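Asker: Oh and the sequence shown: position 104 is 104 in this note's numbering, straight run, nothing missing. Glycine is no exception: its CB is placed at the ideal position from the N, C-alpha and C atoms. Since the model is a prediction, treat every value here as computed from it, not as a measurement. This is the structure, below, for whatever I ask next.
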Amino acid sequence: MDRSVCYRKTVLQKIENKIKHIKRGALFSIRNYYHLGSESSVHKAFGKLIQDGLIFRMQRGIYCRPKQLKSIPSIIILASANQLAHFCAKEKNSKLFPQGMEEAYKLGFQTQMPVNMVYWTNNMNREFKVGNQIVLVKKVEDKLLKWGNKPAGKLLRALSTFTRRPSDEKLKEAFSRLQLSEDEGHKLIINIYKHLRL
Numbered sequence: 001m002d003r004s005v006c007y008r009k010t011v012l013q014k015i016e017n018k019i020k021h022i023k024r025g026a027l028f029s030i031r032n033y034y035h036l037g038s039e040s041s042v043h044k045a046f047g048k049l050i051q052d053g054l055i056f057r058m059q060r061g062i063y064c065r066p067k068q069l070k071s072i073p074s075i076i077i078l079a080s081a082n083q084l085a086h087f088c089a090k091e092k093n094s095k096l097f098p099q100g101m102e103e104a105y106k107l108g109f110q111t112q113m114p115v116n117m118v119y120w121t122n123n124m125n126r127e128f129k130v131g132n133q134i135v136l137v138k139k140v141e142d143k144l145l146k147w148g149n150k151p152a153g154k155l156l157r158a159l160s161t162f163t164r165r166p167s168d169e170k171l172k173e174a175f176s177r178l179q180l181s182e183d184e185g186h187k188l189i190i191n192i193y194k195h196l197r198l
C-alpha cells in the first residue's frame, strides 16, 4: 500500500476514535485535531467523516456529532443555532449576552417578547443559522456589556433600551425577578445610570 494512503488512513482512524468519545449533539472545532497529522490530512479525514454521516459541518472549522431521535432514528438532531453562537463566542473568548430588549422582556419592563434571538458582543457582527433557526450577534459598546450576567448586567442592558426611567412599579417587579431587595435594586439603578452617562 502507498505510504501516503496508509498515513491518511492512520490519521482518519485517530480522528474517528477521538470523535467517538464526543457526546452526540455536541460541537467541536477542527483545530483540536491538527496535532494528529498534517493540516491537509486532517481536512481530508474530516471530509471523509462528513461523507459517512459521522459528523456535520456547522460552519467553517466547527462541526457537530449528530444525534438520532430515539423514536425515529432516521431523524438527525444537530446543535441549535443558539448553541453554535455560544460555542463560537467561547472559542474566540468573546463576550456574549442577551440583547437589551430580551432582558427588558425577562425583567417585566415590556410584555412583547422579541421576535428574533439577538445577542450583544464585543466581537464582530455575525449570523448563525441552523435549519430554520437564526441567531444574530451584534457588536455593541463595551460599556453595555459590563457586569455580564450578574443582576447589574441584566438591568444595565434592559435599561439601556429606554429613553426614560421605568416606573417604580416596573422596577419593583424587575428587582423581584432578580431576587434583589428594593434597597439593593435602587443602589444598582443609581450605579447603572451613572455608568450609562459615561
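May I have a chain-ordered list of the alpha helix (DSSP H) segments no shorter than 4 residues that lie completely inside the stretch 32 to 71?
Answerer: Whole alpha helix (DSSP H) segments, 4+ residues: 39 to 51.
Asker: Straight-line CA distance for Glu184 to Leu136?
Answerer: Taking the straight line from one Cα to the other gives about 33 Å.
Asker: Using a Cβ-Cβ cutoff of less than 7 Å, which residues in the same chain neighbour Phe28 once the five nearest sequence positions on both sides are dropped?
Answerer: Answer for Phe28: Ile22 and Tyr63, listed in chain order.
Asker: Counting only the same chain and skipping the five closest in sequence on each side, list residues whose C-beta sits under 7 Å from that of Val11.
Answerer: Only Leu36, Gly37, Ser41, Val42 and Ala45 meet the Cβ criterion.
Asker: Rounded to whole angstroms, what's the CA-CA distance from Glu39 to Asn149? Just pull it up for me.
Answerer: Cα to Cα, Glu39 sits roughly 38 Å from Asn149.
Asker: According to DSSP, simplified to helix, strand and coil, what is Leu145?
Answerer: In this structure, Leu145 counts as helix in the three-state DSSP scheme.
Asker: DSSP puts Leu136 in a beta bridge; with which residues?
Answerer: For Leu136, which the question treats as bridged, DSSP gives the partners Val118 and Glu127.
Asker: Under the DSSP definition of a beta bridge, which residues are partnered with Ile77?
Answerer: Its beta-bridge partners are Lys67.
Asker: If Ala104 and Thr161 are in contact, beta carbons under 8 Å, what's the gap, nearest whole angstrom?
Answerer: About 5 Å separates the two Cβ atoms, so the contact holds.
Asker: Measure the CB-CB distance between Lys139 and Asn125 and report whether it falls below 8 Å.
Answerer: In contact: Lys139 and Asn125 (Cβ atoms closer than 8 Å).
Asker: For Ala26 and Lys154, what's the separation of their Cα atoms in angstroms?
Answerer: For Ala26 and Lys154, the distance between alpha carbons rounds to 28 Å.
Asker: Is Ser176 helix, strand or coil by DSSP?
Answerer: Helix.
Asker: So Leu156 is in the alpha helix (DSSP H); what residue range does that whole segment cover?
Answerer: Where Leu156 is concerned, the enclosing alpha helix (DSSP H) stretches over Pro151 to Leu159.
Asker: Where does Met1 land, buried or exposed, given buried means 16+ other C-beta within 10 angstroms?
Answerer: Only weak support is given to the placement of Met1: the predicted model assigns it a pLDDT of 45, under 50, and the value that follows is read from those uncertain coordinates. The residue in question, Met1, is exposed, as its Cβ has fewer than 16 Cβ neighbours within 10 Å.
Asker: Just to confirm, is the Cβ distance from Ala85 to Phe128 under 8 Å?
Answerer: Closer than 8 Å, so yes.
Asker: Considering just the uninterrupted stretch of the beta strand (DSSP E) at Leu96, what are its terminal residues?
Answerer: Element bounds for Leu96: Leu96 to Pro98.
Asker: On the premise that Leu188 lies in contact with Pro151, defined as a C-beta separation below 8 Å, what is that separation, rounded to the nearest angstrom?
Answerer: Between Leu188 and Pro151 the Cβ distance is about 7 Å, and since that is below 8 Å, they are a contact.
Asker: Return yes when the Cβ of Ile30 is within less than 8 Å of the Cβ of Gly61, no when it is not.
Answerer: It is a contact, given that the beta carbons lie within the stated cut-off.
Asker: Looking only at C-alpha atoms, which of Thr121, Gly108, Tyr119 and Asn32 sits nearest to Cys174?
Answerer: First, the amino acid is wrong: residue 174 is Ala here, not Cys. The residue with the shortest Cα to Cα distance from Ala174 is Gly108.
Asker: What would DSSP say about Phe87, mapped onto helix, strand or coil?
Answerer: Phe87: helix per DSSP, three-state reduction.
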